[in-house]
Amino acid sequence: MKAIHIEYINKLKELKNQARQEYKRVSELKKNETTSKPEHSVDSIPLKTETEIYSDLVTKMNEDVDNVIKFLLTSGSDFDSWEHAYLKPVSVCNFEFYEKKNRFSLFLNKSFIKSVTMTDQLAYILGFDKLEIFETSIAKFMPDMKGGVSSFHVYAPGLIEPMIIGDVTAPVLRIVNIRGKQDEIIEEQFLFVQYHKLLIKEISEIFIEIRTSSGALMPFQYGTCTLTLHFKKSTYF
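In case it helps, the working numbering puts the sequence shown at residues 153 to 389.
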């Protein structure tokens, strides 16, 4: 029975991909038709949503599914409601944000979902104090959409002498506060230049790392970073 269940779930995933590709194809045709058709003409390509296309594909597939398999998939329960859970997952598992309480909530339909497991970072961002949630609940803490990352550390390993950061030593050039909105270009100028002792006298390349305060690499998704360094000859060189 488990093998049948896994096979059916895999078929649903395949149909989901088919629906996505079909929606892209029809959207492209619709776009080309819009740019080339005369003004006030009638649309010849009806545009269905990706969900509608997926629903049609699943309905067509279920027409060919044997009743015995349907019974095995649902352990004798209502197949229509079970299918509905996969067609509209928002009715089974859903996150909502309450502005008055400033908290996230997680809705779970126990008929289909046993539990939801989150990573440490996601649980922290949403304000949940548990990584695995078994029932509908409201987050204990306010959300932190920055994920607890308010500054980043610019490292220059192999270039400068380590400095004391908390209870450890690390080759940190500078600690920079994070500001600005998404996709905004940020320019940071430092009025007070910090000079560090170099570990080497000849420099062929400079390796830079940008990490969080915990030491993890900053997970940039895209974009570029330009860093300007100033070298000053030591008095006792």
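In this text, a Cβ means the ideal position worked out from N, Cα and C, and glycines have one as well.
*Tell me whether residue 206 sits in a helix, a strand or coil according to DSSP, three-state version.*
In the three-state DSSP reduction, residue 206 falls in the helix class (H, G or I).
*How is residue 385 classed by DSSP in three states: helix, strand or coil?*
coil
*What is the rounded straight-line gap between the Cα of residue 182 and the Cα of residue 322?*
56 Å
*asked:* Mapping the DSSP letters down to three states, classify residue 178 as helix, strand or coil.
replied: Correct three-state label for residue 178: helix.
*Should residue 368 go down as buried or exposed, given a rule of 16 or more other Cβ atoms within 10 Å for buried?*
exposed
*Distance, Cα to Cα, residue 277 vs residue 353?*
44 Å
_Buried versus exposed, by CB contacts within 10 Å (16 or more), residue 305_ = buried
*Is the shortest distance between the beta-carbon of residue 178 and the beta-carbons of chain B less than 9 Å?*
This model lacks chain B altogether, as it is built from one protein chain only.
*What three-state label does DSSP hand residue 167 in the structure shown?*
helix
_For residue 289, list the residues DSSP reports as bridge partners._
258, per the DSSP bridge assignment.
*Inter-residue Cα distance where the pair is residue 251 and residue 347*: 46 Å
_Using only CA atoms, which one of 365, 166 and 179 lies nearest to residue 318?_
365
*Under the assumption that residue 285 contacts residue 258 (Cβ atoms under 8 Å), give the Cβ distance between them as a whole number of angstroms.*
6 Å
_Short Cβ contact (9 Å threshold) for residue 379 with residue 355_ = no
*Would the region 280-300 and the region 335-344 be scored as touching if the rule is three or more Cβ pairs under 8 Å?*
no
*Close Cβ partners of residue 339 (< 6 Å) along its chain, the five nearest in sequence each way excluded*: none
*By the 10 Å Cβ neighbour count, where 16 or more other Cβ atoms means buried, how is residue 374 classified, buried or exposed?*
It is exposed - the Cβ of residue 374 has fewer than 16 other Cβ atoms within 10 Å.
*Alpha carbon to alpha carbon, how far is residue 370 from residue 328? Give it in angstroms, no decimals.*
12 Å
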